[in-house]
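Each residue of the sequence shown is one higher than the last, beginning at 0 in numbering that gives the first Met the number 0.
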Amino acid sequence: MPVIFVAHGSPDLAITPSKGAPFTKWGQQLPAPKAILVISAHWEKTRPVMLSTTDPKELVYDFGGFPQALYEVRYDAPGAKALAERVEAILPRSSVARSGRGLDHGAWTPLVHMYPKADIPVLQVSMPSAEGPKGLFEFGRALAPLRNEGVLIVGSGNITHPMLELRRGLPMVTPQFAQEFDDWAAKAIAARQYDVLMDYASKAPDVRRNHPTPDHYLPLLVTAGVASVADAKPKFRLEEFEYNLFSRRSVEFS
């Protein structure tokens with residue numbers, strides 16, 4: 000299976016057909032997965048990493064101030080019990096645990112478009128951000144064997160996520176600081192320079208402005224770790240900005 004990084008952006012992705020259309024097309028072009036494993040910017044935890052529930056559970060609506068229709072979205076995918084057992088088997092036993100948590104919006108907002116029938120088992124695993132860029136890259140490498148078992152591994156975040164800029168209002172055009180960061184990341188991804196991506200704190204332009212907190216960038220490093228095991232080649236599936244601030248650059252490694 001390919002491994003992918005999706006830019007989920009604003010939660011209203013789930014109810015905005017124009018935003019969802021590229022993901023719908025992408026899902027139709029991917030090989031059919033047996034199960035889906037998601038690493039989202041919105042679930043960070045130290046070890047042990049946690050697995051989402053494998054039983055029916057309400058989605059996590061971890062946001063506020065959106066239309067009521069967004070809080071009524073359902074995504075009743077089957078519980079991924081077999082996948083949970085495989086993750087437990089390939090990670091060190093003491094480093095993974097179960098939880099009763101449902102899927103957060105980093106997982107379900109793109110999936111409602113990519114796999115609208117919600118007929119594929121989905122499991123979410125928390126991101127051990129405290130282990131740093133290299134640790135997250137290695138975490139991805141540990142998950143890589145799942146690709147050979149029909150599992151679609153999905154990192155969900157954003158290559159630029161300058162939330163503090165919203166205080167200034169939405170810009171009329173993409174500002175230079177965001178465009179330069181997106182260009183920097185695109186160049187490193189295309190060249191498979193994963194060491195550069197991991198060293199983003201010192202190598203990327205305007206890091207603090209693009210990422211006041213790094214949570215939305217870090218799933219890219221997990222994805223890159225997965226891709227690195229078989230030296231999968233990257234292809235950009237979406238290249239644009241949301242609100243002229245948030246990069247929607249999404250990548251398929253295959």
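Heads up, the beta-carbon is just placed ideally off N, CA and C, and yes, glycines get one too. In this text, all values refer to a predicted model and were calculated from it rather than measured experimentally.
In this model, residue 160 and residue 240 are separated by some 11 angstroms (Cα to Cα). Counting along the chain, residue 233 sits inside the beta strand (DSSP E) bounded by residues 233-237.
In the DSSP assignment, residue 6 falls within the beta strand (DSSP E) that extends over 2-6. Rounded to whole angstroms, residue 34 and residue 80 show a C-alpha spacing of 10 angstroms. In the three-state reduction of the DSSP assignment, residue 35 falls in the strand class. Contact annotation, residue 142 with residue 29: C-beta distance approximately 18 angstroms; criterion of less than 8 angstroms not satisfied.
Runs of the beta strand (DSSP E) lying entirely within the stretch 97-151, each at least 3 residues long, are 121-123 in chain order. Between the beta-carbon of residue 156 and that of residue 218 there is about 4 angstroms, and that keeps the pair under the 8 angstroms contact cut.
Bounds of any beta strand (DSSP E) do not take in residue 84; it lies within the alpha helix (DSSP H) bounded by 80-89. The straight-line gap separating the alpha-carbon atoms of residue 196 and residue 69 is approximately 33 angstroms.
Judged by DSSP secondary structure, residue 228 falls within the alpha helix (DSSP H) whose first and last residues are 217-228.
For residue 63, the three-state secondary structure derived from DSSP is coil.
Within the same chain, and ignoring the five residues on either side of residue 94 in sequence, the residues whose Cβ sits closer than 6 angstroms to its Cβ are 46, 47. Taking each of 86, 102, 187 in turn and checking the Cα distance to residue 57, the smallest one comes out for 102. Of the other Cβ atoms in all chains shown, fewer than 16 fall within 10 Å of the Cβ of residue 147; this residue is therefore exposed. Straight-line spacing of the CA atoms in residue 199 and residue 216 works out to 9 angstroms. Between residue 108 and residue 10, the gap from beta carbon to beta carbon is short of 9 angstroms. For residue 49, the enclosing beta strand (DSSP E) has its first and last residue at 48-50.
Judged by DSSP secondary structure, residue 251 falls within the beta strand (DSSP E) whose first and last residues are 249-252. One thing to note: residue 136 has its Cβ no nearer than 9 angstroms to the Cβ of residue 104.
Straight-line measurement puts the Cα of residue 38 at about 15 angstroms from the Cα of residue 251.
For residue 56, there is no enclosing alpha helix (DSSP H), as DSSP marks it with neither H nor E.
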